[in-house]
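**Q**
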Amino acid sequence: MDQACAKHGTWKVRWKSKVANPPSFRFPEGGKVTVERLNRRWARVKLPKLGWVRLRITRPLGGKAKNATVSRDGGHWYVSFLVEDGLTPPERHADPGSAVGIDRGVLKVVTRSDGRFHHRVFARDREVEHVKKLQRDFARTTKGSARRRKAAARVADMVRTVRRRREDFAAKTAHTLATGFEMVVFEALKTKNMTAGVEPRPDPEQPGAFLPNGAAAKAGLNRSILDKGWYRIEQATRSRARYTGTCVITVNPAYTSQTCNVCKVVDRKSRESQAVFRCTSCKHTEHADVNAAKNVLTAGRAEFAQPGPGVRAGARKPRNRVGRKANRQATAAQTTATAASGPAGIPRL
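Numbered according to the working numbering, the sequence shown spans residues 475 to 823.
1) So, do the region 640-657 and the region 623-632 have three or more beta carbon pairs nearer to each other than 8 angstroms?
2) Tell me whether the beta-carbon of PHE660 lies closer than 7 angstroms to the beta-carbon of THR724.
3) What separation, rounded to the nearest whole angstrom, lies between the Cα atoms of ASN687 and ARG639?
4) Using a Cβ-Cβ cut-off of 8 angstroms (strictly less than) and excluding sequence neighbours within five positions of PRO496, which residues of its own chain qualify?
5) Go ahead and pull the three-state DSSP assignment for SER713.
6) Counting Cβ pairs closer than 8 angstroms, one from the region 689-700 and one from the region 723-739, do we hit at least three?
7) Whole angstroms are fine: how far does the CA of ALA620 sit from the CA of ASP611?
8) Report yes if the C-beta distance between LEU771 and THR711 is below 7 angstroms; otherwise report no.
9) Looking at the structure shown, is ILE531 part of a helix, part of a strand, or coil, going by DSSP?
10) Could you tell me the alpha carbon to alpha carbon distance between VAL672 and GLN609, rounded to whole angstroms?
11) Three or more C-beta pairs closer than 8 angstroms, one from the region 529-546 and one from the region 554-568: is that the case here?
12) Under a Cβ-count criterion, where at least 16 other Cβ atoms within 10 Å of its own Cβ denotes burial, should THR720 be classed as buried or exposed?
13) Along the chain, where does the alpha helix (DSSP H) containing HIS649 start, and where does it finish?
14) Note down, in chain order, each residue of its chain lying with its Cβ closer than 8 angstroms to the Cβ of LYS743, except the 5 sequence neighbours on either side.
15) Give the DSSP-derived three-state secondary structure of ARG745 in the structure shown.
16) Distance check for PRO681 and ALA478, CA to CA, integer angstroms please.
17) For the beta strand (DSSP E) containing CYS479, list its first residue and its last residue.
18) Buried or exposed for GLY525, please, with buried defined as at least 16 other CB atoms from any protein chain shown within 10 angstroms of its CB.
19) Across the region 504-513 and the region 486-495, are there enough close Cβ pairs to call them in contact, namely three or more that are closer than 8 angstroms?
20) Please name the residue, chosen from PRO502, ALA568, ASP588, PRO570, that lies closest to ASP577 on a Cα-to-Cα basis.
21) Cutting at 6 angstroms between CB atoms, please list the residues of its own chain near PHE746, excluding the five before and the five after it.
22) May I ask which residues mark the beginning and end of the alpha helix (DSSP H) holding PHE612?
23) In terms of alpha-carbon separation, which member of GLY536, ILE531, ARG500, ARG530 lies closest to LEU521?
24) Under 8 angstroms Cβ to Cβ from CYS756, same chain only, skipping five residues before and after it: list those, please.
25) Find out if the Cβ-Cβ distance for the pair ALA670, VAL636 is shorter than 7 angstroms.
26) Give the single residue among ARG530, ALA573, LYS492 whose Cα lies nearest to the Cα of HIS550.
27) Within 10 angstroms of its Cβ, does MET668 collect 16 or more other Cβ (buried), or is it exposed?
28) By Cβ distance, which residues of its chain are closer than 7 angstroms to GLN748, with the 5 residues on each side in sequence left out?
29) Do you know how far the Cα of THR665 is from the Cα of GLN709?
30) Evaluate VAL658 with the Cβ neighbour count: other Cβ atoms within 10 Å of its Cβ, from every protein chain shown; 16 or more gives buried, anything less gives exposed.
31) By how many angstroms is the C-alpha of ARG515 removed from the C-alpha of HIS758?
32) Would you say LEU663 and ARG675 are within 7 angstroms of each other, going by their C-beta atoms?
33) On the DSSP letters alone, give me the boundaries of the beta strand (DSSP E) that GLY774 sits inside.
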């Protein structure tokens, strides 16, 4: 605490919330952590100052443990190990030249540019109603009471089930994308900005009153966006791409849903509905999400083919030898760079 006050100031130190930060602690010394397998399902780990702890092992470690982290999720305790597996990404993907564009939506979680969809319902209607009922019961309890702790535990159990389904879907989708394509292109979506609330609109004629601003509809859209886990899918794909040599990039999402993939004409009237795209210029008809995914793939290929930035003409020469060497390397790379249409051999993560 003294170090935190000296670094940030006495009045700027913030305590960790016991609600937002689940209890966890780490054992950084991997040499003092010993894991022994007892049978197919159970194992035990020797932790410093705790001794032997029995645990349910889900999969082989695959390497030597570097550290161990013990955390709690609800009423269950978990231990995770950081291991050094020794695996290196391949120099080339198993399917060189393959690429796919990804459009993330509300009705269909993931839409690929080749016309395939990845979708899953994480919470059924009955479960949503049940969670609302549990949240109402939680709101009626008294702060600090035993009934409030039990009600919060029931809500957390339901939310935990939905969260694990979302994580499972993200991991399976990421595995399919990373193993099947050398380049995966996502839209650079700002989920936090997209799910921001609507500002109130004061009524100028009636002080203290407000005009309709569509806050209820926006709240429903925000819940749908957050339920799909868009960022989790991108993060899981990047994690899986380290072992397959896949290049994962993001592009500007502007006008991808209003641009025709055939004639490149931008017109918002071409998007007739959520699922129908009919170009007003060339009359090309296609699924709206598939058309947007193809535009994302086109933008990704154009960005990937651009040569890296070199040293600009007339730049001041560096004075040290290291700088001159770096300048010569950058200049040589600039002169030999070509705007190739295919992906490069080195994956860009």
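Ideal Cβ positions, reconstructed from N, Cα and C, are used throughout, including at glycine.
Since the model is a prediction, treat every value here as computed from it, not as a measurement.
**A** By the coordinates alone:
1) Output reads no: the region 623-632 does not touch the region 640-657.
2) Yes, the Cβ-Cβ distance between PHE660 and THR724 is below 7 angstroms.
3) Rounded to the nearest angstrom, the two C-alpha atoms are 34 angstroms apart.
4) Sequence-distant partners of PRO496 (beyond 5 residues in either direction) whose C-beta falls short of 8 angstroms from its own C-beta, in its chain, are SER545, ARG546, ASP547.
5) DSSP places SER713 in helix when its eight states are reduced to three.
6) With the cut-off at 8 angstroms, the region 689-700 and the region 723-739 do not touch.
7) Straight through space, the alpha carbons of ALA620 and ASP611 are spaced by roughly 13 angstroms.
8) Pairing LEU771 with THR711 gives a Cβ-Cβ distance that is not under 7 angstroms.
9) Coil.
10) When rounded, the distance between both Cα atoms is 24 angstroms.
11) Output reads yes: the region 554-568 touches the region 529-546.
12) So THR720 counts as buried.
13) HIS649 -> alpha helix (DSSP H) spans 620-654.
14) Here the set comprises THR754.
15) In the structure shown, ARG745 sits in a strand (DSSP, three-state: E or B).
16) Each residue's alpha carbon lies about 46 angstroms from the other.
17) Where CYS479 is concerned, there is no enclosing beta strand (DSSP E), although the alpha helix (DSSP H) it sits in stretches over 476-482.
18) It counts as exposed.
19) Output reads no: the region 486-495 does not touch the region 504-513.
20) It is ASP588 whose Cα lies nearest to the Cα of ASP577.
21) Note on residue identity: the sequence assigns Glu, not Phe, to residue 746. ARG752, listed in sequence order.
22) Here the alpha helix (DSSP H) through PHE612 covers 599-613.
23) The shortest C-alpha separation from LEU521 is found at ARG500.
24) The beta carbon of CYS756 sits closer than 8 angstroms to those of CYS734, VAL736, CYS737, VAL739, all from its chain and outside the five residues before and after it, given in chain order.
25) No.
26) Here the closest residue by C-alpha is ARG530.
27) So MET668 ends up on the exposed side.
28) If the five residues before and after GLN748 are omitted, its C-beta is found closer than 7 angstroms to the C-beta atoms of LEU581, ALA762, all from its own chain and listed in chain order.
29) Approximately 13 angstroms, taken between the alpha carbons.
30) It counts as buried.
31) If you take the alpha carbons of HIS758 and ARG515, they lie about 56 angstroms apart.
32) In this structure, ARG675 does not lie closer than 7 angstroms to LEU663 by Cβ.
33) It is not in any beta strand (DSSP E) - GLY774 instead sits in the alpha helix (DSSP H) that spans 762-778.
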